[in-house]
Every structure is written in structure tokens, then in C-alpha cells.
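The structure under discussion appears below in the form of C-alpha cells.
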Amino acid sequence: MTLRDATAADLPAIVDIYNSTIAGRMVTADLEPVSVASRLAWFDAHQSPTRPLWVLVDASGTVAAWLSFDTFYPRAAYDGTAMIAIYVAPTHRRLGLGKSLLLAAVERAPSLGLHTLLGYIFGHNEPSLRLFETHAFARWAHLPRVAVLDGVARDLIIVGRRVVA
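Under the numbering used here, residues 994 to 1158 are what the sequence shown spells out, in order.
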């Protein structure tokens, strides 16, 4: 696998991977699939050197997974904190790609001007909670029943880790 910055040509695959998670109601709060057109502004926002969008591509050049760094809060004092999101293609799940992306994010975050990484994870998404907690992310916040997925109220857990002392 090769980790690199995403290009515009990767956006359809990124959207496909994202949309593959919606029906499971474990990963995203979107309830309907998104379109490539609706993600153009989001993609453009990730052309910043401090808030990149990375893809993991396999030997054939297929996007297998992606990670984004998103602004936590749009005030200057929070510029060193970013929320990260990790998505893996259905055909590449359970192969350690999420772990690889998470470790790369932790390792490279300081070079992006980041001192703190956050993850927003549904309380019922135990695999993602375990992944982050295994890599020294702690539960920093618990927002009970803030999301409603198909009539079921769901908790949001915010995990965090300082990557610079």
C-alpha cells in the first residue's frame, strides 16, 4: 500500500468508500449517500497543507482507504487541533489499513502544525473505539443521545490524543 495526498481523480473512490458506510449506521451521521458534486467544497478544503486528505492505494492504484484532517473549531487558538476521520473500502476492511492510517496521522501530525488529534465516534462503534484506544487515544467526552439514526438515539464519544507534549 502507498500513502499519498488525494487528488481530484480519487474523489469518486473516496465518495464510494464513504457511501459504503452509511447503511451500516456505525460510522457516519449521514443518512443518505452523498454525491461527488456535493463533496467538491470539502475536497477543496483539504488541499491545505495543514488539513490534508490522504489515500492508501494498493498496487493496482485502487483507493483502499482514506483519512482526512478536519478543523476542530474555526478559531485561531484551536488551529493545532484537528479531527481525523478514517474510512476503509469494504474489500479492504480487517486488513489493518485503519491502524496504518491512524499511526501515520499520529506520526505526521506535528509536521502539519498539529499538537492534538480528535476522533468523533459513535458509542456503539466498538471496533473504532478499540482502534483509537489501542493507540493511546483517551475518551475525552461523552455526548449522550445526540444523534438519531433510524429512530434510535445514539451517543457520540470524542477521543483525543496529544501528539506533541
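Idealized CB from N, CA, C, for every residue including glycine.
Less than 8 Å between the beta carbons of residue i and residue j, yes or no?
i	j	result
residue 1058	residue 1091	yes
residue 1107	residue 1156	yes
residue 994	residue 1049	yes
residue 1060	residue 1115	no
residue 1007	residue 999	yes
Note the first and the last residue of the continuous beta strand (DSSP E) segment covering residue i.
i	result
residue 996	995-998
Per DSSP, residue i is paired with what?
i	result
residue 1136	1149
residue 1155	1109
residue 1074	1109
residue 1060	1047 and 1079
From what residue to what residue does the alpha helix (DSSP H) around residue i run?
i	result
residue 1004	1004-1015
residue 1052	Residue 1052 -> no alpha helix (DSSP H), and no H or E assigned at all.
residue 1038	1033-1038
residue 1100	1090-1101
residue 1119	1119-1127
Find the nearest neighbour of residue i within the set the options, judged by alpha-carbon distance.
i	options	result
residue 996	1109, 1139 and 1052	1052
residue 1070	1033, 1109, 1146 and 1154	1109
residue 1029	1158, 1017, 1062 and 1012	1012
residue 1147	1065, 1154 and 1138	1138
residue 1067	1086, 1088, 1038 and 1083	1038
residue 1022	1008, 1042 and 1140	1140
residue 1078	1062, 1087, 1072 and 1089	1062
residue 1145	1065, 1134 and 1019	1019
residue 1004	1131, 1033, 1120 and 1072	1033
residue 1088	1025, 1124 and 1151	1124
If I'm right that residue i touches residue j with Cβ under 8 Å, what's the distance once you round it to whole angstroms?
i	j	result
residue 1014	residue 1080	6 Å
residue 1075	residue 1101	Not confirmed; about 11 Å, so no contact.
residue 1167	residue 1098	Because the chain in this structure spans residues 994 to 1158, residue 1167 falls outside the shown range and cannot be described.
residue 1111	residue 1056	Contact doesn't hold; Cβ gap of about 24 Å is too wide.
residue 1154	residue 1131	7 Å
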